[in-house]
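Below is one structure, written out as structure tokens; comments come after it.
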Amino acid sequence: MQISPDGNLLDDLRSVLGDRVRDGDFELGLYGKDGSVLEGRPSLVCLPVNTDEVRQIVKICREHDRPFLARGSGTGLAGGAVPVGDPVIIATAKMNQILEVDLENRIAWVEPGVLNLDLTKELTPQGFHFAPDPSSQQVCSIGGNVANNSGGPHCLAYGVTSAHVAAIEVVLPDGSVTLLGDLAAEPPGYDLRGLFVGSEGTMGVATKVAVRLTPNPPAVRTLLLDFPDVRDGAATVSAIIAAGLIPAALEMMDKRAIEIVEAFVNAGYPTEADAVLLVELDGLPGGVEHGVEVVRSVAERHQVGNIRVAADNEERELLWKGRKNAFGAVARIKPDYYLHDTVVPRGKLVEVLEKVYKIADAYDLIAVNVFHAGDGNLHPILAYDSDEKGVLERVHAAGRAIVTASIEAGGVLSGEHGIGLEKRDYMGMLFSAHDMATQDLVREAFDPEGFANPLKVLPSGSRCSDSFGQHVPDGAWV
Amino acid sequence: MGVNPLGAAPQEVHQFSEEVGASDPVTVVGGKTQWNVGGAPDHSAREVTAPTGIWSHEPEEMTVRCGAGTTLLELSEQLARHSQMVPFDMAPNATVGGVLSVGRSGIRRLRYGHIRDLVLQIRHIDCNGKIVTSGGPTVKNVSGYDLCRLMVGSLGKLGCLAEVTLRCLPMPETTRWLTGNDDPFEIYARLYRPSSVLWNGEQVWVCLEGVSSDVEAEAALLDLTETEGPPQLPGDGRSSVQPKELRSLSADDTNWIAEIGVGIIHSDKPSKPQQVSKTNESLMRELERRLDPNGRLNPGRQVVPL
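Top to bottom, those sequences are chains A and B.
For our numbering, add 10 to where a residue sits in the first sequence, where the first one is 1.
For our numbering, add 59 to where a residue sits in the second sequence, where the first one is 1.
Shown next, in the form of structure tokens:
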């Protein structure tokens, strides 16, 4: 009797994980998707509980010549966790322990499946938090944050995930286990940690992460400013930064976003306004009050309507609830949405926003804009109904037009969601073939055969194997 | 090809790529302020210098783009006109490219973070004399692999830095240095994000920055006296530990100053090379082998201790 290669793979994985290997049709379907509009299908799903199990899964995958794909909560928006090439999924959901809170080093060691907000909730009573706060923070995992170098509203002042990760235990694509980075201030050698963060699972599987703890600010003020014209809101954003103030967060919502969010959370957002800015200032009380005054005076020079200052923490949370639930609220107008994540210079926000509206009109789609204005990170949401015939083609064409407009304005493809599968083929808009070949050489140092999350980040054919040194004649070296 | 009309490399970068060329060994020379880090370069290598000049500074974007050979003095003078800074805190004649290639942060890392987190985009010249762009010009970007962080601290062995785009920060309204003899760990725990806490086993120096009312309020929490600035660092010796391990330092006859909360110890003793694990060493050697197979970029220097 001949046993199929997949049968062997399943048996070998079961011998390590028992029933924590899943091959049911329904589950394989679930793990075929993430937060993007893309879809694939894994061959099997593994749910390891520790580093050694991850190591054994990787070893077994290699023996069967099968790629693998590490997956956190699957909230990624660029298709980074969508399986391509029949991989085995290594889901980190059961690796969800906060292992150690080391207050003296201001570090917490966590497993990759720990949810972002759970970590901050654990730390808050001790006076600290984990600074990256993506809108999906209730459900997204730290491992996913590391893979995508995630941001969030508060990374305007505090920086993205890379600045908040000191060390990562990684199972490399060859099955060896290593520690990248260190708790010591200046680990020797190249910054492999910095390279791994944001590599979208293509350089190995993170199995433990040492995250930096940020002290909770002694004072916080949250303001909601409304504007009769979106242009005034955008000009206020630039003017606040130009005044030398970097708020903890500086978010913008357009008219349609205000309407749907208000109907969803009843936060008292001004539905008659053309745009609102949600501004948060934190730190020591003097700096915060100074910041409030700067924001106020800048906004008054730009035709601000009302300035609402949250009176207490309850009101602050309500204002943030509106912002952080905006994507979900889009379901009130259309069941599906697709969003991009380009970044443009702050001074180009208005120009690019106007193009976004025109593009949406041209493709008969609804555009909703809720975004990190302070760092120029747009999140144009294209709302649609997937039952509508041919709509996805229009959505993709509009998405491409938005990306092109952003890059023409001096911007980049992605601010915080990553490249994944969705934007892989756009990389050539930003980088030359030689730039991408160089990036691929770096990736290959970790994974020459392409076992880890294959076919992501770089378009296929990025490698030009003869471009590095090999054409140099023998004897040219001293 | 990219569609970004703003993205083209300036002429100076093209000239540098020709200067670096594709064949013989080269050593990039900056301000030579940290010249001995990683060992002396091979004498046989041809010396090259990176282009200089501030090519764009957009105060409202808080970004600055300059040649890697630009000195910190020139950079800080330009930024100061708009009350901005890049907190490298190194010698004024050090170059931007040199500071990043060495990858050591200044004494305000406690507040401003590692210098690598200030880098937005890098153009480097690779071993074939070709220009490579990584990162992006905006203040936030995750497009592609993070080669910028890899280049910081690489001593030019993976590529010669040609052009750098940095994130600027607003200059604080007030900067005050205080000194005294209190426990540095208690001081650090009591303050909210001080810019620097330095300690030599007996004496402590604290840097507070922000609006003056906050600086005064925080200073009032401490029993310290005003001083002009940070102490003179004892020498070129530098070692790195976990922040909490600084507690075990004692005021013996060695001359040292530690960065509390960070884990750097400056001393007059030569630095001991730190070991890299076998697995990491082989990853690092792979990177070197792939990006510079013939070892022509800054030969002699060692990022990975032998």
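Cβ coordinates follow ideal geometry from the N, Cα and C atoms, glycine included.
Keep in mind that this is a model prediction, so the values were computed, not measured.
{"Check": "Please list the terminal residues of the continuous beta strand (DSSP E) segment that includes A:Asn379.", "Outcome": "Ile376 to Phe381"}
{"Check": "Here's a check: name, in chain order, each residue in its chain whose Cβ is nearer than 7 Å to the Cβ of A:Asp405, leaving out the five neighbours to either side.", "Outcome": "The sequence as given places Val at residue 405 of chain A; Asp does not occur at that position. Correct list, in chain order: Tyr348, Leu375, Leu392 and Tyr394."}
{"Check": "Can you pull the chain A neighbours of B:Asn357, defined as C-beta to C-beta under 7 Å?", "Outcome": "By Cβ distance, chain A contributes nothing, its closest Cβ being about 13 Å from B:Asn357, past 7 Å."}
{"Check": "May I ask you to verify whether the segment 212-223 of chain A touches the segment 51-64 of chain A, counting CB pairs closer than 8 Å and requiring at least 3?", "Outcome": "yes"}
{"Check": "On the DSSP letters alone, give me the boundaries of the alpha helix (DSSP H) that B:Ser299 sits inside.", "Outcome": "From DSSP, B:Ser299 is part of no alpha helix (DSSP H) but of the beta strand (DSSP E) over Gly296 to Ser299."}
{"Check": "Under 9 Å Cβ-Cβ, which residues of chain A neighbour B:Arg15?", "Outcome": "Look at the range of chain B in this structure, 60 to 365, and you will see that residue 15 of chain B is not part of it."}
{"Check": "State the DSSP-derived secondary structure class of B:Lys189, mapped to helix, strand or coil.", "Outcome": "coil"}
{"Check": "Return no unless some Cβ of chain A is closer than 9 Å to the Cβ of B:Asp242.", "Outcome": "no"}
{"Check": "Please identify, using Cβ separations under 8 Å, the residues of the segment 310-333 of chain B that lie next to chain A, in order along the chain.", "Outcome": "Glu318, Gly320, Val321, Gly322, Ile323, Pro332 and Gln333"}
{"Check": "Please state whether the Cβ-Cβ distance between B:Gly165 and B:Arg175 is less than 9 Å.", "Outcome": "no"}
{"Check": "Distance, Cα to Cα, A:Lys334 vs A:Ala141?", "Outcome": "15 Å"}
{"Check": "Look at the alpha carbon of B:Cys266 and the alpha carbon of A:Pro458, and state the distance between them as a whole number of angstroms.", "Outcome": "47 Å"}
{"Check": "Any chance you could list the beta strand (DSSP E) runs of at least 3 consecutive residues sitting entirely within the segment 31-66 of chain A, in chain order?", "Outcome": "54-56"}
{"Check": "Rounded to the nearest angstrom, what separates B:Thr122 and B:Leu225 at their Cα positions?", "Outcome": "6 Å"}
{"Check": "Give the DSSP bridge partners of A:Ala259, in chain order.", "Outcome": "A:Glu290"}
{"Check": "Any idea what DSSP makes of B:Trp114, helix, strand or coil?", "Outcome": "strand"}
{"Check": "Taking the CB atoms as reference points, tell me whether A:Val286 and A:Leu363 lie closer together than 9 Å.", "Outcome": "no"}
{"Check": "Any beta carbon of chain A sitting closer than 9 Å to that of B:Asn63?", "Outcome": "Residue confidence for B:Asn63 is low, a pLDDT of 43 falling below 50, so the modelled location carries little weight and cannot support an answer."}
{"Check": "Taking only beta-carbon atoms, is A:Glu310 less than 9 Å away from chain B?", "Outcome": "no"}
{"Check": "So which of A:Pro135, A:Ile251, A:Ile268 and A:Val298 has the shortest CA-CA distance to A:Pro225?", "Outcome": "A:Pro135"}
{"Check": "Cβ closer than 8 Å: which chain B residues qualify as neighbours of A:Gln136?", "Outcome": "Within 8 Å Cβ-Cβ: nothing; A:Gln136 doesn't reach chain B, min ~12 Å."}
{"Check": "What does B:Asp24 touch in chain A if you count any residue whose Cβ is under 8 Å from its own?", "Outcome": "Absent from the model: residue 24 of chain B. The displayed extent of chain B is 60 to 365, so no value can be given."}
{"Check": "Taking a contact to mean a Cβ-Cβ separation below 9 Å, would you say B:Leu350 touches A:Leu451 in this structure?", "Outcome": "yes"}
{"Check": "Could you work out which residues of chain A lie near B:Asp295, taking near to mean beta carbons separated by less than 8 Å?", "Outcome": "What B:Asp295 touches in chain A: nothing, since even the nearest Cβ is about 14 Å away."}
{"Check": "Kindly indicate which three-state DSSP category B:His183 falls into: helix, strand or coil?", "Outcome": "strand"}
{"Check": "Among A:Val31, A:Phe461, A:Ala447 and A:Glu426, which residue has its Cα nearest to the Cα of B:Thr197?", "Outcome": "A:Glu426"}
{"Check": "Do you know whose CA, among B:His173, B:Thr111, B:Arg167 and B:Val274, lies nearest B:Asn152's CA?", "Outcome": "B:Thr111"}
{"Check": "Checking contacts by CB at 9 Å: is B:Asn95 closer than that to chain A?", "Outcome": "no"}
{"Check": "What in chain B is Cβ-close to A:Phe456, meaning under 7 Å?", "Outcome": "Leu342"}
{"Check": "Since A:Val170 and A:Ser160 are thought to touch, with beta carbons under 8 Å apart, how far apart are those beta carbons, to the nearest angstrom?", "Outcome": "7 Å"}
{"Check": "In the DSSP assignment, find the beta strand (DSSP E) that holds A:Val98 and state where it starts and stops.", "Outcome": "Val98 to Ala101"}
{"Check": "Look up B:Thr338 in the DSSP assignment and say whether it is helix, strand or coil.", "Outcome": "helix"}
{"Check": "Have a look at the DSSP bridge pairing and note the partners of B:His325.", "Outcome": "B:Arg297 and B:Ile316"}
{"Check": "Chain A beta carbons: is any one of them nearer than 9 Å to that of B:Asn54?", "Outcome": "Coverage of chain B is limited to positions 60 through 365, which leaves residue 54 of chain B absent and any answer about it impossible."}
{"Check": "Select from the segment 128-141 of chain B all residues with a C-beta closer than 9 Å to any C-beta belonging to chain D, and list them in chain order.", "Outcome": "Structure shown: chain D not included; protein chains present are A and B."}
{"Check": "DSSP on A:Leu392, reduced to helix/strand/coil?", "Outcome": "strand"}
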